[in-house]
Amino acid sequence: MNEIAWDDFMKVELRVGRVVAAEVFKEARKPAYRLQVDFGEELGMRKSSAQITALYQPDELIGRLVVAVVNFPKKQIGPLMSECLVTGFHNAAGEVALCVPDREVPLGTRLL
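Just so we're aligned: 14 in full-length UniProt numbering is position 14 of the sequence shown, and the numbers increase by one with no gaps anywhere.
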């Protein structure tokens, strides 16, 4: 594992957002959902594609807090312009489990 400096870590904007919309991303090559995530007043709403279909249904994602990288450049994913990267971890079966705060925190809060 390569070590990084604190300044390197501080370049990554990991923020808390709330999923306000989730639907099947039919045009995606791999099973995925289209998400709309609210990051509060400062950052607003952002769109993302998330390959989390194995462990989550769209309706159970609504209202959930997630952690996302918000300072990557926008990325075209099929017809969707992704504006953030929702984070997660692969389990033993290779399915993605979301990285989430275990308590309620204000939208837009930065991970430090």
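Ideal Cβ positions, reconstructed from N, Cα and C, are used throughout, including at glycine.
From a predicted model like this one, the values you see are computed outputs, not experimental measurements.
Excluding five sequence positions before and after T109, the CB atoms of its chain that fall closer than 6 Å to its own CB belong to V16, given in chain order.
Distance check between G78 and each of A50, I62 and I4 places A50 closest, using alpha-carbon atoms only. Nearest C-alpha to P31 among M45, L65 and T53: T53.
The continuous alpha helix (DSSP H) containing G40 extends over residues G40 to L43. In terms of Cβ geometry, V70 and L43 form a close pair [threshold 8 Å]. Secondary structure of M81 (DSSP, three-state): strand.
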